[in-house]
Amino acid sequence: MRFIEVWALISLTYWVLMLADTLRARQWMLKLPASDPGKTDSEQPIVSVIIAAKEEEASIADTVKHLLNQSYPRVEIIAVNDRSKDATGRKLDELRRWSEGKRDIPIPLRIIHITSLPSGWLGKNHALYQGYLQARGSYLLFTDADIRFEPDTIRDAVQYMQQQHADHLTLAPRMISRGFWLKAFVQFFFFTFSLYVRPWRANDDFQHKHGMGVGAFNMLTRHAYERIGTHRAIALRPDDDLQLGMLVKQARLRQRLAAGTDHIAVEWYPSLREAVRGLEKNMFSGFGYRISVALLGAVGLLGLFLFPVIGMLTLGGWTAWAFGLSAVLLETVYFLLIRSILGQSGREILVFPATACLMCWVVLRSVWLTLRQGGIYWRGTFYSLKELKRMKQASS
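If you read the sequence shown in full-length UniProt numbering, its first letter stands for residue 1, the second for the next number, and so on.
If you want it as structure tokens, here you go:
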């Protein structure tokens, strides 16, 4: 049997299994529901919202104002200015003074200014940890500086966590992508990420190996956060949000992942060029900084996402039919996941081959850049590959 025939069978088998797993997992694909407005506020815990901001002058004011407009009454906001060289710190100080002068805004806003980064820490992780040290809440919400919150988001999240007896709730936001090609690339990234990580497993209470965390919204009980070792346990992980969720699961705590497309939104990247450049910085970390695993991932991208289309169009006989069926199954899984997780139509699948090639390029370039530099540049700070690997081993 020729290699191409073997690969046709491998591809078909893979997509059959992925479809079966996706259909089975639909019971775990949840959406954050609206809360019961009759719930009395006096019974509710304090929620400490902690934001890390570095060079976020364009978005930080809007994010904080959305949080100051929350309907949940027992909130405190701690915004951490992480060594910003732009106007982020000044805008935060102005917001604090403005909010203190408004009687209709009962939510306290505290600002922390960080001027130096100690060794052994990634900037964002250190900033979030510093926010935790000053937080009073029994619930901690870690979020990014460019998230748009609907007014009832925290209220709905707290009530849902209480109903589910959850220690950790993470939400998938509505992704704002401007332009067809950026939207196609972003959706392809989340599609392949979902197949690789299978985020819905976070809602399976009978497994404790695979967890999930989304930087836009990670809400934990204080007890859970301290039990997993806080951000100190993932001090040098660029994928801190995902690793936070993994630690929750490994600690046998109760986790919930839900679609929050009606509650939070984020513009992940403003352009396709920025998306590619951003992913190049930390894509290698997703493969554990292992060259063999990253190369296998690149081969998998081409073999499982691109070859079925090429084989269907160029080959004959049963191999063409096998690749064609693989392509149909691929499209089915794509639509199911994109609509369930991101709430999008999925029409961008029309340029699937192009986005597959671009993602393969990003993976290979991320490996090359990291090895050439001997590490990564993250938010203006360099972290050596040796240091990153050491921290990964310590946290695994």
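Glycine included, every Cβ here is placed at the ideal spot set by N, Cα and C.
C-alpha distance - residue i paired with residue j, whole-angstrom precision
| i | j | result |
| --- | --- | --- |
| residue 242 | residue 314 | 40 angstroms |
| residue 397 | residue 134 | One cannot answer for residue 397 here, as it falls past the ends of the chain, which runs 1 to 396. |
| residue 48 | residue 376 | 31 angstroms |
| residue 68 | residue 143 | 14 angstroms |
| residue 37 | residue 93 | 33 angstroms |
| residue 333 | residue 22 | 7 angstroms |
| residue 141 | residue 217 | 7 angstroms |
| residue 99 | residue 365 | 45 angstroms |
| residue 306 | residue 240 | 31 angstroms |
| residue 304 | residue 116 | 45 angstroms |
| residue 127 | residue 312 | 50 angstroms |
| residue 165 | residue 373 | 45 angstroms |
| residue 260 | residue 195 | 20 angstroms |
| residue 157 | residue 248 | 18 angstroms |
| residue 277 | residue 103 | 44 angstroms |
Whole-angstrom C-beta distance between residue j and residue i, which should lie under 8 angstroms
| i | j | result |
| --- | --- | --- |
| residue 351 | residue 298 | Not really, about 19 angstroms apart at Cβ, beyond 8 angstroms. |
| residue 399 | residue 341 | Residue coverage of the chain in this structure runs from 1 to 396, which leaves residue 399 outside it and unanswerable. |
| residue 82 | residue 58 | Not really, about 16 angstroms apart at Cβ, beyond 8 angstroms. |
| residue 258 | residue 31 | 6 angstroms |
Per-residue DSSP class, three states only, for residue i
| i | result |
| --- | --- |
| residue 263 | coil |
| residue 161 | helix |
| residue 130 | helix |
| residue 314 | helix |
| residue 334 | helix |
| residue 375 | strand |
| residue 252 | coil |
| residue 117 | coil |
| residue 176 | coil |
| residue 145 | coil |
| residue 384 | strand |
| residue 2 | coil |
| residue 122 | coil |
| residue 258 | strand |
| residue 290 | coil |
Beta carbon of residue i nearer than 7 angstroms to that of residue j
| i | j | result |
| --- | --- | --- |
| residue 125 | residue 223 | no |
| residue 76 | residue 108 | yes |
| residue 154 | residue 63 | no |
| residue 161 | residue 211 | no |
| residue 183 | residue 387 | no |
| residue 319 | residue 25 | no |
Practice task
Report the residue ranges of all beta strand (DSSP E) runs contained in full by the region 191-236; include only those spanning at least 3 residues, in chain order.
Solution key: 218-221
Problem - Entirely enclosed alpha helix (DSSP H) segments - the region 10-82, minimum 4 residues - result: Secondary structure in the region 10-82: the alpha helix (DSSP H) runs of 4 residues or longer, each lying completely within the stretch, are 60-68 in chain order.
Problem - Those runs of the alpha helix (DSSP H) which lie wholly inside the region 79-107 and span at least 4 residues - result: 88-100
Exercise for the section: Write down every uninterrupted run of the beta strand (DSSP E) in the region 336-371 whose length is 3 residues or greater and which is fully enclosed by it, in chain order. Expected result: none
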